[in-house]
Amino acid sequence: MADVVLEKVEKRFGDVRAVAGLDLTVRDQEFLILVGPSGCGKTTTLRMIAGLEEVTSGDIRIGGRSVTHLAPRDRDIAMVFQSYALYPHMTVARNMSFSLKLRGMPKADIDTRVREVAAILGLTEHLNRKPRHLSGGQRQRVAVGAALCRQAGVLLFDEPLSNLDAKLRVHMRTELKRLHLAIRSTMVYVTHDQVEAMTMGDRIVIMNLGVLCQVGTPLDIYDKPANRFVAGFIGTPPMNFFEGEIAADSAGPAVVLGGGLRLPLARQDLVSSAGRPVVFGIRPEHISLTETGPAISDAARAAAGKAAKVPATIDVLEPLGHRVILTAGSPAGPFQMETEIHAGIRQGERADLWFDMNRAYFFDRETEETI
Amino acid sequence: MALKVQAPKSKEQRSGTSESRVRFFEREAPFGYALVLPAVLYLAIFIAYPFLMAISMSFTDAQAGNRKWTFVGTQNYSKVENYQILANDFVIATLPTEAAARALVTARTQGKVVTATAGKRYRANIEAGGLTLPVLEMDTEEDASFLGGTILQDLEWRVEKASGGRFRVVAHASDAPVTFGPYADRASLKRELREDILVPARTSVKTNGKGVMQDPNFLLALKNTFKYTFGTEIIKLCIGIPCALILNRRFGGRRLLRGLLVIPWVIPIALSAQAWLWILDSTYSVINWCLVHWGILSPANIINFRGDKNWAMLSVIAVNVWRGFPFTTIVILAGLTAIPDEILERARLDGANGFQRFIHVISPMIRPILMVSLLFSVIFSFTDFNTIWIITKGGPYDQTQVLSTYAYQLGVNAGYLGKGASISLFMFPIMAAMVFFMLRFLRRET
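Top line first, the protein sequences correspond to chains G and D. Per our numbering, the first sequence starts with residue 1, numbered consecutively. Per our numbering, the second sequence starts with residue 1001, numbered consecutively.
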């Protein structure tokens, strides 16, 4: 059992609050991702779990045991650093076995374990080489191997893929996920890349400005973002936001955006709060070129008229191959949409685009919380 | 003017003055040569010329005041004229009891040396306490009786324990050993070594001659140079590594301290050594004053730092360490700052304590830069002249004489330019060898 519990953990650097009153539970054998923009406190949180950073107040427990004031080596953790932190003067095998040697493990046992781990990671033929003779991806695997050799209850990853090129990063993403399924130890993984977060994690923790914004499974967070920040952070291209107001006059319930753009309201619970200033959000993948396009959900299609028409001008076309990202201008402001490659679209053309109002999001303009 | 608007010229024509000047500054290599030319000239005039001059001078009998220098080959380096045997600790007799040995020592005053012929040679027997002890065998009767008499009368006889519970009487010379010879060539030296001394004794060979290799002062200076260099380097590392480790920690005033640290290194040695001269003064030394003031020393036995042969070398080493350790510290500090924080953090996570981090992680990672610093530092110390010249001038009794000061004394002060040159050139192969091994070690590391 190696669950990690953070209770009201706080970290200050002088006057700056890096992490403010964080409550978080990492379940045993879970792959938890800490994600957020730079300076959101995710790395600080990880380093506090590792013991590299002192906790200003609060308590950290690993496997039920309070480790808040324990030295890093006594915490039953292993960590993979962003720069890999390999000892340049040691061979791969010695890099992987260093911690075991310091713990006084018998040499034969060390050898067996290093060979086991090297076999899992495909490093067997590199065991006698120095890190500088390895490629970036191999070094990455050595760093993971060194952490695995410890057989610690909790594995911590600090942006381990950010130094790899794009192709290798995608590959290592899969590898790490497979590794987690194979060894089943608790993993806490810090990244600023929301794609990594979505694809790898059992659960995601989104942090911003030292505060926890939302915890949940990737799809939970994608479907039900807690606030405007989370909604904008998860998803590529990011969600489109427009400022507007709820209106319920003779023309029926609607949200009125800038430029007088009026979109019929699909959510009946909002009808009562007419006049409320809101932020209207819609994901690029929920905008369609036609009223019945695949981006429009069945529910919206069934309730006719619930896909809202938005007159727009296509400004920029960014083809991805099978998909295309369009940047369009509307009376309410510019927005992006994603759709399949469509022969009919040309830059500068005027077109009517369709918003799936069933999958639109509304945020309070003051608190930015989801309504 | 009309020329300027012409179509581009062909290659052969481009050597026209205006164009070639522009091209000269645009072309990298010639411009580079032009830039380094002053440095090259400087090196040629002030380094290469004196160096070559010294080499040629070391093969002549150059002396100050002599107008004509004649080529003398390698005579300045090594020219053996004859050999001598130095012998000491003659085992006169080995006796079964201590009483018998003591009796022999007491009987020495009544003893006498009797010479007898042994073939073509003469044997010296010591007769004392009723024993006849053959000691030496020499070519002439005078030598035999003179050297036999020396052993009997001038040497100190003492009783020592020997193996098998027996006791032996040993004749020991406390100041100068007994000299045999001279012998003109190696063959006769070897024969004499084998045949002259009939009892066990400690012998060594002394070569006499004009070359610096035969000069005992030179050999002493060579030994002192190594003592000075390695004494300095070891102490510098012992101080520099902890200093660098401390200065690498984060604390208030660290930058100020780092700045202050280099002061000894940047003050001209001529000035700072002058201050040290006062600190180490035989009468007014502030160190002595403090020691007396704190009651550690009595005024009667204050330390004569520069005049006492046991303290002089330590004193000059101390001054050189004081001056040189900032450099070592700064270089090691540079090596330490180059170690990524993440590696040290990983070492902590791996379970290494401070000492283990230093042994397993920090020191292997700073080793290359440490070798570079050591290389520079060794060269500086090995050729150091200023410190020693200002503090002790090589004294007392040549106890701090190093190669550079001895070369100066012999070559400039005494006027033996050829010999001075050959002494200074002696440093060259030694340093070349040291640099070679250090660089090879460095290359293997990286």
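Beta carbons are placed, not taken as given, at the ideal position from N, Cα and C, and that holds for glycine.
Residues near residue i by beta carbon distance below 7 Å, same chain, minus five either side
| i | result |
| --- | --- |
| D/Arg1166 | Thr1094, Leu1095, Pro1096 |
| G/Asn240 | Gly281, Ile282, Pro284, Phe335, Gln336 |
| G/Ala254 | Ala247, Arg262, Leu263, Pro264, Leu265 |
| D/Gly1415 | Gln1063, Ala1064, Gly1065 |
| G/Pro277 | Glu245, Arg365 |
| D/Lys1004 | Unreliable positioning characterises D/Lys1004 in this predicted model, as indicated by a pLDDT of 46, which lies under 50. A coordinate reading is not provided. |
| D/Met1431 | Ile1379, Phe1382 |
Spatial neighbours of residue i in its chain, beta-carbon cut-off 6 Å, leaving aside the 5 residues before and after
| i | result |
| --- | --- |
| G/Ile341 | Val324 |
| G/Met96 | Val114, Gly145, Ala146, Cys149 |
| D/Met1138 | Tyr1122, Ala1144 |
| G/Glu369 | Asn227 |
| G/Met187 | Phe31, Leu155, His180 |
C-beta neighbour in chain D for residue i, strict 8 Å
| i | result |
| --- | --- |
| G/Ser162 | no |
| G/Arg73 | yes |
| G/His133 | no |
| G/Arg103 | yes |
| G/Leu176 | no |
| G/Gln138 | no |
| G/Leu52 | yes |
| G/His192 | no |
| G/Met172 | no |
| G/Pro88 | yes |
| G/Arg96 | Here the sequence assigns Met to residue 96 of chain G, which means Arg is not the residue at that position. No, G/Met96 does not count as interfacial toward chain D. |
| G/Ser99 | yes |
| G/Ser330 | no |
| G/Ser272 | no |
| G/Thr367 | no |
Close beta carbons around residue i, own chain, < 8 Å, minus the five adjacent residues each side
| i | result |
| --- | --- |
| D/Gln1013 | Bear in mind that the predicted position of D/Gln1013 carries a pLDDT of just 48, short of 50, making it unreliable; the figure below should be weighed with that in mind. Same-chain partners within the cutoff: there are none. |
| D/Gln1006 | Reliability of the predicted coordinates at D/Gln1006 is poor, the pLDDT of 48 falling under 50, and the value obtained from them is presented with this limitation in mind. Within the same chain, D/Gln1006 has no close Cβ partners at all. |
| D/Arg1102 | Val1159 |
| D/Leu1439 | Leu1375 |
Among the options, the one whose alpha carbon lies nearest that of residue i
| i | options | result |
| --- | --- | --- |
| D/Phe1376 | D/Gly1324, D/Gly1351, D/Asp1398, D/Ala1334 | D/Gly1324 |
| G/Glu175 | G/Gln140, G/Gln151, G/Arg203, G/Asp76 | G/Gln140 |
| D/Gly1231 | D/Ser1381, D/Glu1026, D/Phe1059 | D/Ser1381 |
| D/Arg1191 | D/Met1371, D/Ala1034, D/Tyr1077, D/Tyr1083 | D/Tyr1083 |
| G/Gly153 | G/Asp3, G/Val278, G/His286 | G/Asp3 |
| G/Ala332 | G/Ala312, G/Glu369, G/Pro88, G/Gly58 | G/Ala312 |
| G/Arg173 | G/Thr327, G/Phe355, G/Met200 | G/Met200 |
| D/Leu1104 | D/Phe1180, D/Lys1161, D/Ala1128, D/Gly1073 | D/Ala1128 |
| D/Asn1224 | D/Thr1405, D/Leu1261, D/Gly1209 | D/Thr1405 |
| G/Tyr222 | G/Val80, G/Leu209, G/Ala197, G/Ala328 | G/Ala197 |
| G/Val35 | G/Gly275, G/Asp202, G/Gly259 | G/Asp202 |
Residue i at chain G interface by Cβ criterion, 8 Å
| i | result |
| --- | --- |
| D/Gln1356 | yes |
| D/Ile1343 | yes |
| D/Met1365 | yes |
| D/Leu1349 | yes |
| D/Arg1443 | no |
| D/Ala1002 | With a pLDDT of 42 at D/Ala1002, under the threshold of 50, the predicted position of this residue should be treated as unreliable, and no value is reported. |
| D/Pro1242 | no |
| D/Arg1346 | yes |
| D/Val1005 | The predicted position of D/Val1005 is uncertain, since its pLDDT is 45 and thus under 50; no value can be drawn from it. |
| D/Ala1407 | no |
| D/Val1361 | yes |
| D/Ala1352 | yes |
| D/Pro1030 | no |
Neighbour-count burial assignment, residue i, 16 or more Cβ in a 10 Å radius
| i | result |
| --- | --- |
| G/Asp352 | exposed |
| D/His1293 | exposed |
| G/Phe233 | buried |
| D/Ser1058 | buried |
| D/Asn1301 | exposed |
| G/Phe229 | buried |
| D/Glu1026 | exposed |
| G/Cys40 | buried |
Contact test: residue i Cβ vs the ligand ZN heavy atom, cutoff 7 Å
| i | result |
| --- | --- |
| D/Phe1051 | For the structure depicted, the ligand ZN is absent and the ligand set is empty, with no information on it obtainable. |
- Message: With three or more beta-carbon pairs closer than 8 Å as the criterion, would you say the segment 1326-1342 of chain D touches the segment 1241-1255 of chain D?
- Response: The segment 1326-1342 of chain D, when compared against the segment 1241-1255 of chain D, does touch it at the 8 Å Cβ threshold.
- Item | Touching by the beta-carbon criterion (3+ pairs, under 8 Å), the segment 82-91 of chain G and the segment 122-131 of chain G | Contact annotation: the segment 82-91 of chain G touches the segment 122-131 of chain G, with at least three C-beta pairs closer than 8 Å.
- Item | Validate contact between the segment 1206-1226 of chain D and the segment 1401-1421 of chain D using beta carbons, cut 8 Å, 3 pairs | Enough Cβ pairs lie closer than 8 Å, so yes.
- Item | Segment contact flag, the segment 1038-1055 of chain D with the segment 1180-1198 of chain D, C-beta cutoff 8 Å, min 3 pairs | With fewer than three CB-CB distances shorter than 8 Å, the segment 1038-1055 of chain D does not count as touching the segment 1180-1198 of chain D.
- Are at least three pairs of beta-carbons, each pair with one atom in the segment 1351-1370 of chain D and one in the segment 1265-1274 of chain D, less than 8 Å apart? With the cut-off at 8 Å, the segment 1351-1370 of chain D and the segment 1265-1274 of chain D do not touch.
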